[in-house]
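Below: one structure, written as structure tokens.
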């Protein structure tokens, strides 16, 4: 065995601090945690805000049932333990995206305060924004975009939030959207104004 | 119960197609999957490439033991099942980052071909690049930056890759880095040239 050539090569760690990263990338990472009943508009608002952000060349990521339940969390069911693990992993993934300066929009019912508070702890209080999509149950049930309320009323879905399982509304969310009353455009504008007020893209202010 | 005002409001889904997103954000998403023995330089190269990319204002994310094992995968141990689940979740998270146009750099030993191939399927063949950090075992063991080889030789770490557990080298990686012979700067340059050749930032070409 010959002595490897590289033994004495000094390898310097590349490193970029958070402040330089934010300055160079033009935005800081944060998490918009949408919560609300099924049909309250969480995913719709999140996707519309995403389109608006990308138009302005901001990097953002939407985490919702479509891309999480079929991928990362495809091994999880709907037992209480699995629901908690579902939200735990989403909080961890949201943190990773925020650590790398993405604006994250999560759209899950996330009915339990304890689970949402845990996500807040994981992400970090100073960059976690809970957004309550506050449409009344009767509005959501009339919309019923996926026909889930009908099934839940017929007893075909056990433990359906709002019907046969509790929804614990946020006590002090950073933002409330009246998604049962206002238009999508109004909700999107409210979120965009909120982001601007939080200094998420410092260079534009 | 009064009829909610919003029932007849039409909510248009915001949507942005992949091509527009890539044009607006100036880069497409992809995954650089670094694999190699402990001490072969995976994380060091990934972090140095990250710094280089951020300097050029590219959004990127490094997934490595530091941010995954203590966070998302803190519930997993080192049994064969847990190791496979570890890599499965990393593949899913890498896919999410790539879906939102981040350049992802994963730095895990990932010793099994089957696990790496599964990650490739998850992410998508056309944007998954396997990078083999091909330092010889004797080089890695001499470096032993974390003192793990010493412990493994002393029998204190069971099933340590390269000592008491197999490492299945890639058969046709997209890129090989001779991290046992060349400097860090050379490895970083090789990766940057590779990314440019793959048209990852179309607007600059």
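Protein chains in written order, with our numbering: chain P, 75 to 279; chain X, 75 to 279.
Positions of the beta carbon are idealized from the N, C-alpha and C atoms, including for glycine.
Since we're looking at a predicted model, the values are computed, not measured.
Around the beta-carbon of residue 103 of chain P, 16 or more other beta-carbon atoms lie within 10 Å, marking it buried.
If you draw a straight line from the Cα of residue 224 of chain X to the Cα of residue 218 of chain X, it is about 8 angstroms long. When rounded, the separation of the alpha-carbon atoms in residue 209 of chain P and residue 226 of chain P is 18 angstroms. When 8 angstroms is used as the limit between beta carbons, residue 265 of chain P is near no residue of chain X, the shortest such separation being about 11 angstroms. The residue from X:185, X:148, X:229 with its alpha-carbon nearest to that of residue 109 of chain X is X:185. In the DSSP secondary-structure assignment, residue 239 of chain P is bridged to P:235. Among the CB atoms of chain X, one or more fall inside 9 angstroms of the CB of residue 136 of chain P. For a Cβ distance threshold of 7 angstroms, nothing in chain X lies close to residue 161 of chain P: the least Cβ distance comes to about 13 angstroms. Distance from the CA of residue 202 of chain X to the CA of residue 134 of chain P, rounded to the nearest whole angstrom, comes to 21 angstroms. Under the 9 angstroms criterion on CB atoms, residue 190 of chain P is classed as non-interfacial with respect to chain X. Taking 8 angstroms as the Cβ-Cβ cut-off, the segment 164-183 of chain X approaches chain P at 166, 167, 169, 170, 171, 173, 174, 175, 176, given in chain order. Sequence-ordered contacts of the segment 226-245 of chain P with chain X are nonexistent [C-beta pairs closer than 8 angstroms].
Straight-line measurement puts the Cα of residue 153 of chain X at about 33 angstroms from the Cα of residue 175 of chain X.
Residues of the segment 120-133 of chain P with a C-beta atom less than 8 angstroms from some C-beta of chain X are 121, 122, 123, 124, 125, 126, 128, 129, 131, 133, listed in chain order. For the pair residue 107 of chain P and residue 172 of chain P, the CB atoms are not nearer than the 9 angstroms cut-off.
A Cβ-Cβ distance of about 16 angstroms is found for the pair residue 179 of chain P and residue 270 of chain P, leaving them out of contact under the 8 angstroms criterion.
Using beta-carbon distances, residue 194 of chain P does not count as an interface residue toward chain X, since no partner is under 9 angstroms. The beta carbon of residue 235 of chain P sits closer than 7 angstroms to those of 111, 112, 183, 185, 241, all from its chain and outside the five residues before and after it, given in chain order. Listed by position along chain X, the residues whose Cβ is nearer than 8 angstroms to that of residue 95 of chain P are 128.
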